[in-house]
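**Q** Below is the structure I would like to discuss, written out as structure tokens.
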Amino acid sequence: KVIRVGATAAPHAEILESEAVTAKLAELGYKLEVVVYEGYVLENPAVADGTDDANYFQHKPYLDSYNETASESEQLVSAFTVHYEPFAIYSKKVTSLADLQDGAHIGLPNDPSNETRALLLLEAAGLITVPEGTTAASALTKYDITAEMNPHGYVFDEVAAELLAPTLEDYDIAVINGNYALQAGLHSEDALAVEDASGDAAQTYANVIAVRNGDENSEKTQALIAALESDSVKQYIADKYNGAVVALF
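Right under this line is the structure:
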């Protein structure tokens, strides 16, 4: 029996294809087929139309955003919370945020949930302020940041999340998703600022296994969860990613 799961390459596909996961699935009578996607657009429709049994690439706010525009038959649900990836600020132009000049260009992921998170990290780093009451679950964009909140006149460039790392030299700094930073060979110890893994964002932006509504208790889904929620998978994540990916089970 085959379980087909859509995922982004790192760390999601790597975790799924680890010996700890595949051996447990084999023990349960399943072969895992991982389909690697480059961006964030195709994974959810592939689960909704039955092409994939599940996906592993997104956090709950992104899933909620997808469901807001999906039809009833295309709705997906979170079946299991796996890990958290701290966002970080990277640069190829400055070695410290103190060196950032007025009017500097800042690359931000352009989907609402990730842009909110990026702006909150910029606030935590002391670069801007955000509207009072903003939480990790808010749908904040650059247009919510007034001139008063951005006294240094930083220019925000909204870019597809998967393109920020490959085009890092185009910005003075960029806020990059953990999985895309890993794929690009960027390491959190080289970042200019890193999200607090003990903060609100860690729970809000935990990465989940998503399945079709009603499939969360299916045999395939339960087998996949059983294969993931083990001490050996937790140890694999800790050893391989050194804090860039944090298991939450």
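Each residue of the sequence shown is one higher than the one before, starting from 32 at the first, in the working numbering. From the three backbone atoms N, C-alpha and C, an ideal C-beta is built for every residue, glycine too. All figures in this text were calculated on a predicted structure; none of them were measured in a lab.
1. I'd like the span of the beta strand (DSSP E) that includes residue 188, first residue to last.
2. Entirely within the stretch 187-268 and at least 3 residues each: give me those beta strand (DSSP E) ranges in chain order.
3. Of the choices 143, 130, 171, whose alpha-carbon is the least far from that of residue 157?
4. Whose CA, out of 259, 168, 173, lies closest to the CA of residue 235?
5. Just grab the DSSP bridge partners of residue 99 for me.
6. How many Å lie between residue 229 and residue 248 at the Cα?
7. Run through the DSSP bridge pairs and tell me what residue 70 is partnered with.
8. Going by C-alpha distance, which of 102, 101, 110, 83 is nearest residue 90?
9. Count the other CB atoms, across all protein chains shown, that sit within 10 Å of the CB of residue 92; report buried if there are 16 or more and exposed otherwise.
10. If you reduce the DSSP assignment to three classes, tell me which class residue 171 lands in.
11. By Cβ distance, which residues of its chain are closer than 6 Å to residue 258, with the 5 residues on each side in sequence left out?
12. How about residue 276 and residue 216: do their beta carbons lie closer than 8 Å?
13. For my contact list, residue 33 and residue 58 are in at a C-beta cut-off of 8 Å; report their separation, rounded to the angstrom.
14. Would you kindly work out how many angstroms separate the C-alpha atoms of residue 160 and residue 180, rounded to a whole number?
15. Please classify residue 127 as buried or exposed, where buried requires at least 16 other C-beta atoms within 10 Å of its C-beta.
16. Quick one: grab the DSSP three-state call for residue 40.
17. If you draw a straight line from the C-alpha of residue 150 to the C-alpha of residue 35, how long is it?
18. Please report how far the alpha carbon of residue 203 lies from the alpha carbon of residue 197, in whole angstroms.
19. Residue 1 and residue 211: beta carbons closer than 8 Å?
20. If you run the structure through DSSP and keep just helix, strand and coil, what is residue 46?
**A** Taking the definition as stated:
1. Start at 1 with the first residue of the sequence shown, and residue 188 comes out as number 157. It spans 186-190 - the beta strand (DSSP E) in which residue 188 sits, taken as one unbroken run.
2. 204-207, 238-243, all fully within the stretch 187-268.
3. In the sequence shown, residue 157 corresponds to position 126, counting from 1. Closest by C-alpha distance to residue 157, out of 143, 130, 171, is 130.
4. Counted from its first residue, the sequence shown places residue 235 at position 204. Among 259, 168, 173, the Cα nearest to that of residue 235 belongs to 168.
5. Position 68 of the sequence shown, counting from 1, holds the residue named residue 99. Here residue 99 is not bridged, per DSSP, to any residue.
6. If you number the sequence shown from 1, residue 229 lands on position 198. If you number the sequence shown from 1, residue 248 lands on position 217. Near 30 Å, if we compare the C-alpha coordinates of residue 248 and residue 229.
7. As a working note, residue 70 is residue 39 in the sequence shown. Note: residue 70 sits in no beta bridge, so no partner.
8. Counting from one through the sequence shown, the residue named residue 90 turns up at place 59. Nearest in C-alpha terms to residue 90, of all of 102, 101, 110, 83, is 110.
9. In the sequence shown, counting from the first residue as 1, residue 92 sits at position 61. By the 16-neighbour rule on beta-carbons within 10 angstroms, residue 92 is buried.
10. The sequence position of residue 171 within the sequence shown is 140, counting from 1. In the structure shown, the three-state DSSP call for residue 171 is coil.
11. Taking the sequence shown and counting its residues from 1, one reaches residue 258 at position 227. Same-chain partners within the cutoff: 52, 55, 56.
12. Here residue 276 refers to the residue found at position 245 when the sequence shown is read from its first residue. Here residue 216 refers to the residue found at position 185 when the sequence shown is read from its first residue. No, the Cβ-Cβ distance between residue 276 and residue 216 is not below 8 Å.
13. Start at 1 with the first residue of the sequence shown, and residue 33 comes out as number 2. Start at 1 with the first residue of the sequence shown, and residue 58 comes out as number 27. No, residue 33 and residue 58 are not in contact; Cβ-Cβ is about 15 Å, not under 8 Å.
14. Taking the sequence shown and counting its residues from 1, the one referred to as residue 160 is at position 129. Taking the sequence shown and counting its residues from 1, the one referred to as residue 180 is at position 149. Their backbone Cα atoms lie some 5 Å apart in a straight line.
15. As a working mapping, residue 127 is identified with position 96 in the sequence shown. Exposed is the call here.
16. The residue labelled residue 40 in the question sits at position 9 within the sequence shown. Helix.
17. As a working note, residue 150 is residue 119 in the sequence shown. As a working note, residue 35 is residue 4 in the sequence shown. Computed Cα separation, rounded: 35 Å.
18. Locating residue 203 in the sequence shown gives position 172, where the first residue counts as 1. Locating residue 197 in the sequence shown gives position 166, where the first residue counts as 1. Taking the Cα positions, residue 203 is about 14 Å away from residue 197.
19. Within the shown structure, residues of the chain are numbered from 32 to 280, placing residue 1 beyond reach of any answer.
20. In the sequence shown, the residue the question calls residue 46 occupies position 15. DSSP places residue 46 in helix when its eight states are reduced to three.
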